[in-house]
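Colleague: Encoded as structure tokens, here's the structure I'll be asking about.
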Amino acid sequence: MAEKREQATYGAAAFAGMTGSLPTQWPRTIGPNAMKYLQEVVDSGLQSDMSSRFERAFAEACGVKHCIGTPGCTPALAMLAAAFAFEPGDEIIVSPVTDYGTIQGLVRENYIPVFADTASSTVNLSAETIEPCITDRTRAILVVHKTGLVCDMDPINALAEKHGLIVYEDACQAVFSEYKGRFAGTLGKAAGFSFDSEKTLGSDVGGCVVTDDDELAERIRFVGHSRGGEMAPGFGRIHTMPGYAFRMPHCTAAICLAQLEIIRDQVAHRDRMIRLLSQLIGEVPGVTPLPIPDYMTVYSAWMFGMNLDPAQFTCTTEQFARDLAETGIPGAGTGRYYLIPAACTFLEQNARAGVYPYSQPPASRSYSYVGACPRAETFLQTWIRWSTFCARYEEEHCELAAHIVRRVADKHRR
Ligand SMILES: Cc1ncc(COP(=O)(O)O)c(C=O)c1O
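In our numbering, the protein residues as written are 15 to 428.
Dropping the structure here:
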């Protein structure tokens, strides 16, 4: 008999039943042209070029040469991992606080994810935490801009250049965030985005890769859209690489295009509201919102996050989060599962058992994931977040959220 397990849910399904006195993004506000674009797809008898239209529009909005649409960020990053064509056993340094989608493609290509620890007081890695992870097998650095906060990219790019490494970005949570006036997703060789229903530019599912590199873009389309297939004269389709069929559906593109038309105002609003919310919640003793570095010219915040000072409260982080949810903040919860070296239990199992690519060769040394990122682990033990923070927040909602945090804090204060 099949083993019964509680399976994880994603997108709108993961938010089902979440209520409270603060707004959530559900049901999503959809750009006014969505039905027109969807109708075009249907009326064209599926001969629409909607996916290419979205690709052109998103590339233009980001100021990059190429956008390659996908059904999500997990496939976008998988396409990139395949297109880079590193060797099995090569190492990719990656942010430890993220989603499984960040590393899925690395695992499938038999690369070895090496998690750099987070920088002090935040959820992102930094050049200082990356440097000790660099070995002669390192090929790339995959940074994640968690919550929408962009990693400090100039020192990371300088470090990568010194060692001849590729830098690329998981910009899922940071669409139109700006680092020193430059968009997240345009700060390395390429980037993956998610347009999953819960994300800032939310469609049903969806995602893309962006890059300025013509050759890489061509390879991504070949491996990711054409399944590594090309036309051989006198024969027909031959497959010269094991590729994927990760094309963005036209109906998804129609909704993405409509969402793109309304996103920039929403991002500007999110930026204003997250700064106000952080300031107000920062006034509650014992509670510290994620610091917003000065280089963040626009913080396209997807979720709000804050830490508790355990010395000031009698309750656990879980209890505090539960009380926030019960007092009116929908979806308030802890975030330990974002620590991917701990959450992906198969990594440690495979590393211990020497399963390929952890066999030697191709791995050059032994790996262990348990306790690999102590700072991130400690940080997440006292971290509370809610991803129902959204463009519907107004000043009164920031005040209410801060009031709820203060009430719960005072209830549990030592
Ligand atoms: C940081 C990050 N990376 C990757 C993903 C995966 O994106 P998708 O659901 O579009 O495959 C997510 C989605 O939650 C994410 O937040």
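Every residue gets a Cβ at the ideal spot worked out from N, C-alpha and C, and that includes glycine.
(1) Residues in the same chain with beta-carbon distance under 8 Å from Arg7, minus the five sequence neighbours each way, listed in chain order, please.
(2) Return the Cβ separation of Gly349 and Arg284 in integer angstroms, given the expectation that the two are a contact with Cβ distance under 8 Å.
(3) Assuming the contact rule is C-beta atoms closer than 8 Å, Ile117 and Ile144 should be a hit. Round their C-beta distance to whole Å, please.
(4) Is Tyr24 near ligand 1 - that is, is its Cβ less than 8 Å away from at least one heavy atom of it?
(5) In angstroms with no decimal places, state the Cα-to-Cα distance between Glu297 and Pro324.
(6) Pull up the distance between the alpha-carbon of Pro307 and that of Gln326, whole angstroms please.
(7) Assess contact between the stretch 252-270 and the stretch 212-222, defined as three or more Cβ pairs (one per stretch) separated by less than 8 Å. Is contact present?
(8) Quick check: what's the CA-CA separation for Lys79 versus Asp226?
(9) Measuring alpha carbon to alpha carbon, tell me which residue in Tyr383, Val223, Ser58, Ala22 is nearest Phe262.
(10) Check whether the stretch 173-192 and the stretch 267-281 touch, using three or more Cβ-Cβ pairs below 8 Å as the test.
(11) In this structure, how does DSSP classify Arg122 when only helix, strand and coil are distinguished?
(12) Contact between the stretch 146-155 and the stretch 100-112 is defined here as three or more beta-carbon pairs at a separation below 8 Å; is this criterion met?
(13) Between the alpha carbons of Leu290 and Tyr313, how many angstroms are there, rounded?
(14) What is the chain-ordered set of residues for which the beta carbon lies under 6 Å from any non-hydrogen atom of ligand 1?
(15) Measure the CB-CB distance between Phe393 and Thr136 and report whether it falls below 9 Å.
(16) Counting only the same chain and skipping the five closest in sequence on each side, list residues whose C-beta sits under 7 Å from that of Ser65.
Modeller: The relevant details are as follows:
(1) Past the boundaries of the shown model lies residue 7; the chain is included only from 15 to 428, so the question cannot be answered.
(2) Gly349 to Arg284, Cβ: 19 Å. No contact.
(3) Approximately 16 Å separates the beta-carbon atoms of Ile117 and Ile144; this is outside 8 Å, ruling out the contact.
(4) Yes, ligand 1 has a heavy atom inside 8 Å of this Cβ.
(5) Take the alpha-carbon of Glu297 and the one of Pro324: they are about 17 Å apart.
(6) In a straight line, the C-alpha of Pro307 is about 26 Å away from that of Gln326.
(7) By the Cβ test, the stretch 252-270 is in contact with the stretch 212-222, since at least three Cβ pairs between them sit closer than 8 Å.
(8) Put simply, the backbone Cα of Lys79 is about 5 Å away from that of Asp226.
(9) Per the sequence presented here, residue 262 reads as Met, with Phe not at that position. Ranking Tyr383, Val223, Ser58, Ala22 by CA distance to the CA of Met262 puts Val223 first.
(10) Output reads yes: the stretch 267-281 touches the stretch 173-192.
(11) When secondary structure is reduced to three states using DSSP, Arg122 falls in the helix class.
(12) Yes: at least three Cβ pairs fall under 8 Å.
(13) CA-CA distance, Leu290 to Tyr313, rounds to 12 Å.
(14) Matched residues: Gly86, Cys87, Thr88, Thr112, Asp113, Gly115, Thr116, Val158, Asp184, Cys186, Gln187, Ser208, Asp210, Gly221.
(15) Yes, they are a contact pair.
(16) Excluding residues up to 5 positions away in sequence, Gly83, Arg261, Met262, His264, Ala267 lie with their Cβ nearer than 7 Å to the Cβ of Ser65 in the same chain.
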